[in-house]
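Written below as structure tokens is the structure these notes are about.
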Amino acid sequence: MPQNALKIKDHIDLFNDPEYLEIFKRKRAEFEDMPSEDEVAKQAAYINSVEYREKNLAREALVINPAKACQPVGAAYCAAGFEGTLAFTHGSLGCAAYFRSHLSRHFKEPSAMVCSAMTEDAAVFGGLNNMIEGLANAYALYKPKMIAVHTSCMAEVIGDDLNSFIIQSREKGSIPADFPVAFAHTPSFVGSHVVGYDNMMKSILSNFWEGKERKPGSGVNIIGGFDGYGVANAREIKDIIATMGIEGTLLSDVSDIYDTPADGSYRMYDGGTSLADTAKSLDAKATLSLQEWCTDKTLDYAKSKGQEVASFNYPIGLSGTDEFLMKLSQLTGKAIPESIARDRGRLVDAIEDSLAWIHGKSFSIFGDPDFVLGMTRFVMELGGEPLHLLCTNGNADWEGKMKELLASSPFGAMGQVWKGKDLWHMRSLLATEPSDYLIGSSYGKYLEKDTGVPLIRIGFPIFDRHHHHRFPTLFYKGGLRVLVTILDKIFDTIDEKTKVSGISYDLTR
Amino acid sequence: MDGMNPDVKAERKALIEEVLSAYPEKTAKKRARHLNVYDEGKPDCGVKSNIKTAPGVMTIRGCAYAGSKGVVFGPLKDMVHISHGPVGCGQYSWSQRRNYYTGTTGVDTFVTMQVTSDFQERDIVFGGDKKLEKVIDEIHEMFPLNKGVSIQSECPIGLIGDDIEAVAKKKAKEHGKMVVPVRCEGFRGVSQSLGHHIANDAVRDWMLGKGKSKDFETTPYDVVVIGDYNIGGDAWASRILLEDMGLRVIGLWSGDATLAEIERGNKGKLNLIHCYRSMNYICRHMEEQFSIPWMEYNFFGPTQIARSLRAIAEKFDDKIKAGAERVIAKYQPMAEAVLARYKPRLEGKKAMLYVGGLRPRHVADAYGDLGIDIIGTGYEFAHSDDYQRTAHYIKDATLVYDDVTDYELEKFIDKMRPDLVGSGIKEKYSTQKMGVPFRQLHSWDYSGPYHGYDGFAIFARDMDMAINSPIWALNKAPWKAA
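If you read the sequences in order, they're chains A and B.
Our numbering applies: residue 153 is where the first sequence begins, and numbers increase by one.
Our numbering applies: residue 225 is where the second sequence begins, and numbers increase by one.
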């Protein structure tokens, strides 16, 4: 039957109509030459087996459904958090299109970025002319206060030298002699987006710090790292700075640029760490990173300038936040105010109210290295038991710290740490040794579909749910939000399970 | 016909001048050739196209890899497509085109999977061929029911001198399954477009006429549909009409397609092409090599659908002609009911488009059916033949912009204040912030199908919900509203 104009069905319902089901059947039978139903059923069962898991874990070259992106997208995200800063991809033009789309799909926001549009001739002669022309056009057209250049793999493979190219561009008059251009080499075949973030942060800081004399002060710099919840978490960080009354600078503040209002005008730039504050941040007493593996080189650099440094692992919840606040207090000499203690108390209160629903449940977690570590720690605080903890872009250092963390609590006894593995590995792990729940990004929805393990969407990217990034995950208040997200899924899952018979389909839980 | 009010034309020409004035002189000169106000009766849109993008502008274009893996090969469901190179390209394009398919993912179909050789520094330094061999071996181990593998080259492959063709031949022989090497490195060409062409050539050289296709029994009513990627189910909403009129769709490229459907592509009596830009190459090849005629058709909106069904039927006998009339008669009442519901709400609205392959022209009449005027349109990666074809669809004084930059598009939208913009994810949010309704016309904004009669109903519903949402009247705080 054709559509009913008063009750139009889209793809969600339309293809369940009998005539479409008939089409699928006929197509498969007559034209597709697909394997027989028996063969398919056999293989579908086999990929859930222990034998398949062993083969899967033995893969050496093939990567299937990795949970990581490449360096430049991390560099672009980092740059977006600075005042009036335009990210510039030196490389093929498709790269910038992909980075912009990726960020827009998560944040549901515009993501401005230009590229040097290198093609075959640049592959032969190098991308100098593209840089000269590109900087001139970008400067004239988009009137940035700073341009932050990162590279995609083409430029890296042919060995373009950003520093020299930018100097030559200045000489040719593309940009004024004193116009700030940060630049970071961000090869996509090294590390992942978290490394790209680090490289760009270091490059922006060095752009403002190099050649300046440091006048040590009492301020503290805080770096959030690559974070799908960066919008709301930046606000939490600034809130803590204000509440504690400290002199603090959040380096890369994306709270405005990825959350601009709809009021009739499009803001290509909005908010961000001011360039003046970025320059002043050299004088800070210390630089603290909330994500250790997003800031390796940056913290080394800050240390080399005489600053104290410390890093944390995505502090969600109680002990992670406690450590961060105490460090902040110790560095600044400011007491942690009562209002923050009350926030802590509220989170403890919420956990006490809900512990019965989480205690003893097992959770598998995947995502960026600091996220997985911070989340594992929080899950154990809730009385949950971490099971498969997987990080495609985790290194040996991460693995060591994870094992240490698990060993620190009886709730960590079941935990298995999977470094450098992908989500097809996770599929085998969940199929053969399932946890009660899975925590991770939208990519986890395929795991939920295949293994039946309910997905709690926390991570990056979240493409298929809206506006999660507008709510925090860090510290006590973010922990509360994470707790609610976990609980909602647990209760929904129980309701789903019990509504068939009606038994245990309780009004009050 | 005198055409549009000359003032409107002059205004739009002035707008182009204003926009160009922001560029450095050299770039302004380059960009000027890509912008025009259409004069009715001219055989093309008066813009240059398929030219390198100026560095440093915010182009909306993608790359050759996007054209090959993202568009042509990605939807082909029973093969495993390797994003060969570093992790990013495959990651950003993972599951984003909404190419629907039936099958058991990870068992007999693989479309929504991100399969990559995840290049590391050592692969760049020492070459990736050995790794590629192992990747292919491991694919056969993990996915034994796959029908073959395609190698989608990312930028480094061509730069480090890997010989993926040699690997492909070796591994095809070893495993007894197809391996298709595709040289779609992102730096090739000026946009996605060369990626389509390269992918078409790979189909021609490695796939067409292979496998069991030799023994396929044909009928006089066999057609192959080319250039429908089944976004949101488009191909199914098209197939239902073609089958209903009595044709046998023996292959549909490449939405929901299997390798067998590609291999037997030269077995049809007629090739029907929807997305001309991305797959005309293979149609021309089949015409030359196998004398298979091809024709373009348009399944957007009832006017074009009926016209296309009749034109297709003209190529066949009376049985099919009667079939086409039967299909039109079956669906026309629904189409009229949809128009009765939505046209009064949309009549007189103005829309601007900026999309890819065929949509900047093909959807124009679907909007026209709803009473919506297209006042501006343009393509990311068109060639001059696309702009010639566009001239038939657009009205006098339509603003035409090729490879538009974000800067230009934003200014055009701001000055022309259309009631709707149809473009992509990168344009969506900035446009909406300006208070202008928007629909993504690449992914159908997570809706669809939009092809066929069933699709038109959804198209009408979606355009209405975008334009007539109450939110647009509320985006100014009342104490600030002028």
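The C-beta atom is built at its ideal place from N, Cα and C for all residues, glycine as well.
Can you check which of these residues, the options, is closest to residue i by C-alpha distance?
i	options	result
B/A548	B/A561, B/P557 and B/R531	B/R531
A/F251	A/E235, A/Q223, A/G236 and A/G233	A/Q223
B/L369	A/I216, A/A462, A/E191 and A/V569	A/E191
A/G376	A/G397, A/G369 and A/Y349	A/Y349
A/A288	B/P279, B/G413 and B/D439	B/P279
B/H399	B/I649, B/I552, B/Y521 and B/H364	B/H364
B/L633	B/F683, B/R663 and B/Y578	B/Y578
A/G424	A/F563, A/Y410, A/P489 and A/A414	A/Y410
A/V266	B/I599, B/V295, B/V304 and B/R285	B/R285
B/E511	B/A564, B/Y521, B/R501 and B/L494	B/L494
B/N229	B/E264, B/K250 and B/V243	B/E264
B/A701	A/M153, A/G416 and A/Y294	A/G416
A/K601	A/W576, A/H621, A/D520 and A/P613	A/W576
A/S263	B/A684, B/G672, B/S654 and B/D669	B/S654
B/E241	B/I649, B/W703, B/K639 and B/G672	B/K639
B/Y591	B/F523, B/D627, B/H509 and B/Q513	B/F523
May I ask which residues mark the beginning and end of the beta strand (DSSP E) holding residue i?
i	result
A/C305	Not the beta strand (DSSP E): A/C305 falls in the alpha helix (DSSP H), residues C305 to I310.
B/I450	D446 to D452
B/R472	R472 to S478
A/N373	V372 to I375
A/S463	E460 to S463
B/A575	K574 to L577
B/G581	Taken as a continuous stretch (DSSP letters only), B/G581 belongs to no beta strand (DSSP E), as it is neither H nor E.
B/F662	F662 to Q664
B/A530	B/A530 -> not in any beta strand (DSSP E); alpha helix (DSSP H) instead, spanning P526 to E538.
So residue i contacts chain A; which residues on that side make the cut at Cβ distance below 7 Å?
i	result
B/E634	Y418
B/N495	Per Cβ cutoff of 7 Å: no residues; B/N495 is ~16 Å from chain A at best.
B/W460	F167, Y172 and I175
B/F343	F341
Which residues in chain B have a C-beta closer than 7 Å to the C-beta of residue i? List them in chain order.
i	result
A/S246	One detail in the question is off: residue 246 of chain A reads as Gly in this sequence, not Ser. Neighbours of A/G246 on chain B, chain order: G286, C287, Y289, A290 and G410.
A/G286	P279 and G280
A/C543	None at all; the shortest Cβ gap to chain B is about 14 Å.
So which residues on chain B does residue i lean against when the C-beta distance must stay under 9 Å?
i	result
A/Y598	S319, T329, G330, T336 and M337
A/I356	Under the 9 Å cutoff, chain B gives no residues; its nearest Cβ is about 19 Å from A/I356.
A/S256	I649, K650, K652 and Y653
A/Y250	G286, C287, A290, G312, C313, Q315, Y316 and S317
Which residues of chain B have a Cβ atom closer than 8 Å to the Cβ of residue i, listed in chain order?
i	result
A/N689	The shown model of chain A, from 153 to 661, leaves out residue 689 of chain A, and the question about it has no answer.
A/K260	Y653
Starting from residue i, follow the alpha helix (DSSP H) in both directions and report where the run begins and ends.
i	result
B/V587	No alpha helix (DSSP H) contains B/V587, which DSSP labels as neither H nor E.
A/C543	Here A/C543 belongs to no alpha helix (DSSP H); instead the beta strand (DSSP E) covers E537 to C543.
B/D361	D353 to M366
B/E520	It is not in any alpha helix (DSSP H) - B/E520 instead sits in the beta strand (DSSP E) that spans W518 to E520.
A/L287	L280 to Y294
The ligand ZN and residue i: does the residue's C-beta get closer than 7 Å to at least one heavy atom of that ligand?
i	result
A/S253	Absence of the ligand ZN is noted for the structure shown, with no ligands found whatsoever.
What residues from chain A crowd round residue i, counting only those whose CB sits closer than 8 Å?
i	result
B/R565	A157 and L158
B/K355	A213
B/Y631	L293 and Y294
Listing by chain order, which chain A residues have their CB less than 9 Å from the CB of residue i?
i	result
B/A484	F183, E184, D185 and M186
B/E467	I175 and R178
B/S608	Neighbours of B/S608 on chain A: none; closest Cβ ~19 Å, over 9 Å.
- Every unbroken beta strand (DSSP E) inside the stretch 476-510 of chain A [3 residues or more]: none
- Task: Compile a chain-ordered list of the residues in the stretch 264-276 of chain A whose CB is closer than 8 Å to at least one CB of chain B.
- Result: Listed by position, the residues of the stretch 264-276 of chain A near chain B (Cβ gap below 8 Å) are A264, M265, V266, C267, S268, A269, M270, T271, E272, A274 and A275.
- Message: Taking beta-carbon pairs under 7 Å, can you tell me which members of the stretch 677-698 of chain B lie near chain A?
- Response: Cβ contacts with chain A come from Y677, D678, A681, I682 and R685.
- Item | Unbroken stretches of the beta strand (DSSP E), 3 residues or longer, contained in the stretch 296-368 of chain A | 298-303 and 333-336
- Near-chain A residues of the stretch 370-389 of chain B (beta-carbon distance less than 9 Å), N- to C-terminal order: Within the stretch 370-389 of chain B, the qualifying residues are K371, E378, C379, P380, G382, L383 and I384.
- Determine which residues of the stretch 652-665 of chain B have a Cβ less than 8 Å from any Cβ of chain A, and write them out in chain order. K652, Y653, S654, T655, Q656, K657, M658 and G659
- Task: List in chain order: all unbroken beta strand (DSSP E) runs of 3+ residues lying wholly within the stretch 552-593 of chain A.
- Result: As for any beta strand (DSSP E) of minimum length 3 sitting wholly inside the stretch 552-593 of chain A, the runs are 568-571 and 589-592, ordered along the chain.
- Identify each residue in the stretch 297-324 of chain A for which the Cβ-Cβ distance to at least one residue of chain B is less than 7 Å, and report them in chain order. C305, M306, V309 and I310
- Message: Under 7 Å, CB to CB, which of the residues in the stretch 539-565 of chain B have a partner in chain A?
- Response: K554, Y555, M558, A561, V562 and R565
- Item | Near-chain B residues of the stretch 401-427 of chain A (beta-carbon distance less than 7 Å), N- to C-terminal order | T412, A414, D415, G416, S417 and Y418
- Return the residues of the stretch 365-392 of chain A that lie within a Cβ-Cβ distance of less than 8 Å from chain B, sorted by chain order. For the stretch 365-392 of chain A, the set of positions with a beta-carbon nearer than 8 Å to some beta-carbon of chain B is empty.
- Query: What alpha helix (DSSP H) runs, 4 residues minimum, are completely inside the stretch 634-689 of chain B?
  - Reply: Annotation: the stretch 634-689 of chain B contains the following complete segments of the alpha helix (DSSP H) (minimum length 4 residues), in chain order: 649-657.
- Task: Using a Cβ-Cβ cut-off of less than 7 Å, list which residues of the stretch 609-620 of chain A approach chain B; keep chain order.
- Result: none
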